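S.K.:
Numbering (this note's numbering), first residue to last: 2 to 372.
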């Protein structure tokens, strides 16, 4: 017999998000799990059903404003909890529901609300709202993915304790069994191979990376851009490649990347580059994927990524949005790649243990008090 009902909420189920959420929910034995989220993929639904997880496929209609959509979503969630007598609510993406929770806080004041905060709020207003939700016990517990975010919350709110705040390192959840067969994927390109992985959003700084690479003329390299075209379209990227004289040195591979291809890209590359802008302060999936494949990481010096690279000795950092700084780090890494990677090997092995799937599951089980 189940001893506790928990409803889990998320606003989307893109590949990596579903894997994350499914891994957590499917390992909470003895709990009655409800998943409140929009689901289009029948395979995802079948996976959830196979673990006896109750599915609430939420309304995908868009309101006039995104905030109104989320307010409506949380209002319906509160009704579902009341109807099914569910006290415990967990938000997989707490960042996206901070403002709606404030507007609807009377509906959640008697619930046990917790969630995962992926970014420390950048705007002062959102910080104050988030802290108010904690101080007034609308939010009872928070999980973060790294000590930078953990320390930022503690600094902003001295009432936070270890009982209220828990750090769980952002995990690597991909199956790397295909690694041996993937080594030839990028063998036809000049080495070292740099990998910029993920959607081409503005905050990911792909344009900054290309501007920096135009200044590296006498050093061999290939940059692979792999991921979904977003703020920067394929045409935008091609124009920048032509403008900066990077033809033949930068290879765009835009589009959906399945799990097998993720493994192949990371096992075949030499260096993972994260040219992120200052507005990006959270942890990075490509960082963890790179470390699991023993790759040297280049990332910004600020935020969770910078803290992680510097604290654990996983690569090198540059001043975000500073093209000269990024160029200097890239050039030094390309010139001394083998020595730098060997020097970092032991650090990579240590950090791998912290981001393993097994460690991630155990930490979440502990959070939900599962024996």
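Ideal Cβ positions, reconstructed from N, Cα and C, are used throughout, including at glycine. Given the structure is predicted, the values throughout are model-derived calculations rather than measurements.
So which of 31, 219, 7 has the shortest CA-CA distance to residue 57?
M.R.: Taking the Cα of residue 57 as reference, the smallest distance to any Cα among 31, 219, 7 is reached at 7.
S.K.: Count the other CB atoms, across all protein chains shown, that sit within 10 Å of the CB of residue 206; report buried if there are 16 or more and exposed otherwise.
M.R.: With 16 or more other Cβ atoms within 10 Å, it is buried.
S.K.: For residue 45, which option in 35, 68, 75, 14 has the closest C-alpha, if you only look at C-alpha atoms?
M.R.: Ranking 35, 68, 75, 14 by CA distance to the CA of residue 45 puts 14 first.
S.K.: So, under 8 Å CB-CB, residue 123 and residue 95 are touching, yes? Tell me the CB distance rounded to an integer number of Å.
M.R.: Residue 123 to residue 95, Cβ: 15 Å. No contact.
S.K.: Taking the alpha carbon of residue 41 as the reference point, which residue from 59, 25, 24 has its own alpha carbon closest?
M.R.: 59
S.K.: With distances taken Cα to Cα, identify the nearest neighbour of residue 231 among 19, 204, 25, 252.
M.R.: 204
S.K.: From the DSSP secondary-structure annotation, give me the bridge partner or partners of residue 36.
M.R.: 9, 56
S.K.: What do you reckon, are the CB atoms on residue 241 and residue 275 nearer than 8 Å?
M.R.: no
S.K.: Output needed for residue 21: all residues of its chain with C-beta closer than 8 Å, excluding positions within five of it in sequence on either side, in chain order.
M.R.: 93, 172, 174
S.K.: Please report the distance separating the alpha-carbon of residue 137 from that of residue 24.
M.R.: 31 Å
S.K.: Quick one: complete alpha helix (DSSP H) runs, 4+ long, within the region 167-233?
M.R.: 207-214
S.K.: Below 8 Å, how does it come out for the region 320-334 and the region 213-227: are there three or more Cβ pairs, yes or no?
M.R.: The answer is yes - the region 213-227 touches the region 320-334, with three or more Cβ pairs under 8 Å.
S.K.: Can you give me the Cβ contacts of residue 180 inside the same chain, cut-off strictly under 8 Å, excluding the 5 residues immediately before and after it?
M.R.: Low confidence applies here, because residue 180 scores a pLDDT of 48, under 50, leaving its location unreliable and the question unanswered by this model.
S.K.: Might you give, ordered along the chain, the residues of its own chain that have their beta carbon closer than 6 Å to the beta carbon of residue 271, omitting 5 neighbours on each side?
M.R.: In its chain, beyond the 5 residues on either side, 193, 194 have a beta carbon closer than 6 Å to the beta carbon of residue 271.
S.K.: Can you tell me which of the three DSSP states residue 89 falls into?
M.R.: strand
S.K.: Tell whether a beta-carbon distance below 8 Å holds between residue 306 and residue 352.
M.R.: no
S.K.: Could you give the distance in angstroms between the alpha-carbon of residue 82 and the alpha-carbon of residue 29?
M.R.: 19 Å
S.K.: In angstroms with no decimal places, state the Cα-to-Cα distance between residue 47 and residue 221.
M.R.: Their Cα atoms are separated by approximately 47 Å.
S.K.: So, is residue 74 buried or exposed, given that buried needs 16 or more other C-beta atoms within 10 angstroms?
M.R.: Flag for residue 74 reads buried.
S.K.: When burial is assigned at 16 or more other CB atoms within 10 Å of the CB, is residue 257 buried or exposed?
M.R.: exposed
S.K.: Excluding the five sequence neighbours on either side, which residues of its own chain have a C-beta within less than 8 Å of the C-beta of residue 19, listed in chain order?
M.R.: 42, 45
S.K.: How many angstroms separate the CA atom of residue 223 from the CA atom of residue 105?
M.R.: 50 Å
S.K.: Buried or exposed: which applies to residue 197, given that a residue is buried once 16 or more other Cβ atoms fall within 10 Å of its Cβ?
M.R.: buried
S.K.: Give the range of the alpha helix (DSSP H) segment to which residue 264 is assigned.
M.R.: 260-269
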